[in-house]
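Below: one structure, written as structure tokens.
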Amino acid sequence: MFVRKLWRLVKWLMVLAIMLAGLRLLIFSGPVREPEALPDSPILDMHCHIACLSEDNGCFVSDSLRNNYRFPIYIRAMGTSIEELQEDGDQVIADRLEAQLADSEHVSAAVLLALDGVVDNGELDRDATMLYVPNAYVAEQARTHPHLYFGASINPYRDDALQRLERVKRDGAVLVKWIPSIMNIDPADEALIPFYEKMKALNLPLLTHAGDEHSFTAARNEFADPRRLELPARLGVKVIAAHIATTGENDGVSNFELLLPLMQQYPNLYADISSLTQINKLGYLNRALQVEGLEAQLIYGTDWPLQFSPLVSPWYFPLNLTVKQMWQLSNVENQWDRDVLLKQALGVPGEVFGRSWAMLVGMP
């Protein structure tokens, strides 16, 4: 009886597999754009996060985040564990990043991102801050690892925000990173105009999360409305909207669609393609590649470490890639090479891969 039931199940599974294979053949579309050669210039991943636990390094993690189920998952995605960091030190993460980038055939370097906290009355509000990764720590990691660049983070509401901008520029920062939803920053606040003007004078681009934030325990997502980026864009700051604002909506319109007209209006408003191959964002990369002329304002990044977790796999793209392609890509050992080759196969133009290096490292 058991063998008969098992055989019946196997037959139904075979029929289902044949039906799915036939359906795939009927609706297979291939890449949205014909894949192009990668650029001759170096490729820079301009969106890599880092965590640190030791207060000796000036870092701290709030109890609410440390006790949340997400936190050990993020640390494991970075290739380590909380126990290893406590025993061997925070630099383990940067050391492993450096080794993987040195081994990459296609990606030459990455921008490591600091993260400032919430500011109240001009000073850091530690009680309201979930994660703090100081500029000094990240700058030191960049100095001691040749494949890493320094991405600073400054809450513009600090009393000494303008002086901090000058300091990070001297320390080699190539951009300033915000997550407005958790740093309580309103990008549309006109009180920030002096900060924006200083950024422009120092030629420091602003990389800012756009669209809803779900990686932390709480977020004020009204600050992630991409329309709030109009002020710095109008002032001439190079603004990079992370993830093309591919989460959430405002006034019944997706944040992605709200960002597009702003990008058409302001050529200095860019967007990075980090995280766009994650399973929870399927379809956004195809949509972005179909917008005429948008490729001139897209920039390559990964959103490490989330880009190299089970959230991303070539096997999630059966309508765009052949079985042979998915198999070959899934067997690329180096994480950065796999990411570049997957996005190339999906039709990301060659110029997009080269733009972050030209903008951030090749800039005067």
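Per our numbering, numbering of the sequence shown is gapless, rising by one per residue and ending at 407.
In this text, a Cβ means the ideal position worked out from N, Cα and C, and glycines have one as well.
All of these numbers come straight from a predicted model, not from anything done at the bench.
Counted within 10 angstroms of its Cβ, other Cβ atoms place residue i as buried (16 or more) or exposed
i, result
"residue 323", "exposed"
"residue 237", "exposed"
"residue 166", "exposed"
"residue 251", "buried"
"residue 397", "buried"
"residue 256", "buried"
"residue 143", "buried"
"residue 157", "buried"
"residue 336", "exposed"
"residue 63", "Residue confidence is low: residue 63 scores 47 on pLDDT, short of 50, so the model does not pin down where it sits. Its coordinate-derived value is still stated next. It counts as exposed."
"residue 141", "buried"
"residue 331", "buried"
"residue 61", "Unreliable placement is indicated for residue 61, whose pLDDT of 49 sits below 50; the coordinate value is still reported in the next sentence. Residue 61 is exposed by the Cβ-count criterion."
"residue 189", "exposed"
"residue 207", "buried"
"residue 234", "exposed"
"residue 339", "exposed"
"residue 145", "exposed"
"residue 248", "buried"
Selection from the options that minimises the alpha carbon distance to residue i
i, options, result
"residue 220", "90, 353 and 273", "90"
"residue 107", "98, 333, 259 and 266", "259"
"residue 135", "145, 122 and 180", "122"
"residue 202", "143, 192, 162 and 342", "162"
"residue 151", "110, 383 and 392", "383"
"residue 232", "128, 393, 265 and 401", "265"
"residue 72", "403, 99 and 363", "363"
"residue 349", "320, 369 and 332", "320"
"residue 168", "226, 141 and 155", "226"
"residue 198", "298, 228 and 339", "228"
"residue 88", "160, 374 and 147", "147"
"residue 100", "84, 128, 115 and 82", "128"
"residue 381", "352, 361 and 405", "352"
"residue 405", "200, 115 and 246", "246"
"residue 178", "307, 377, 334 and 102", "102"
"residue 105", "116, 391, 164 and 172", "172"
"residue 306", "196, 334 and 296", "334"
Pair within 8 Å by beta-carbon distance, residue i and residue j
i, j, result
"residue 282", "residue 301", "no"
"residue 344", "residue 399", "yes"
"residue 74", "residue 354", "no"
"residue 253", "residue 288", "yes"
"residue 92", "residue 379", "no"
"residue 184", "residue 174", "no"
"residue 205", "residue 241", "yes"
"residue 243", "residue 280", "yes"
"residue 385", "residue 357", "yes"
"residue 176", "residue 95", "yes"
"residue 316", "residue 366", "no"
"residue 291", "residue 314", "no"
"residue 230", "residue 274", "yes"
"residue 181", "residue 403", "no"
"residue 97", "residue 133", "yes"
"residue 224", "residue 263", "yes"
"residue 130", "residue 393", "no"
"residue 193", "residue 215", "yes"
Simplified DSSP assignment, three categories, for residue i
i, result
"residue 192", "strand"
"residue 87", "strand"
"residue 296", "strand"
"residue 117", "helix"
"residue 259", "coil"
"residue 327", "helix"
"residue 142", "helix"
"residue 157", "coil"
"residue 81", "coil"
"residue 99", "helix"
"residue 362", "coil"
"residue 405", "coil"
"residue 239", "helix"
"residue 151", "strand"
"residue 378", "helix"
"residue 309", "coil"
"residue 187", "helix"
"residue 60", "Below a pLDDT of 50, predicted positions are generally treated as unreliable, and residue 60, at 44, falls in that range; the measurement from the model is reported next regardless. In the structure shown, residue 60 sits in a helix (DSSP, three-state: H, G or I)."
"residue 388", "helix"
"residue 423", "Nothing about residue 423 can be read from this structure; the chain reaches only from 44 to 407."
Beta bridge counterpart(s) of residue i as assigned by DSSP
i, result
"residue 284", "251 and 314"
"residue 221", "251"
"residue 166", "163"
"residue 342", "315"
"residue 400", "In DSSP, residue 400 forms no bridge with anything."
"residue 383", "Paired residue(s): none; residue 383 is not in a bridge."
"residue 174", "104"
"residue 347", "91"
Check: residue i C-beta below 7 Å from any heavy atom of the ligand GDP
i, result
"residue 227", "As far as ligands go, the structure on display features none, and thus does not contain the ligand GDP."
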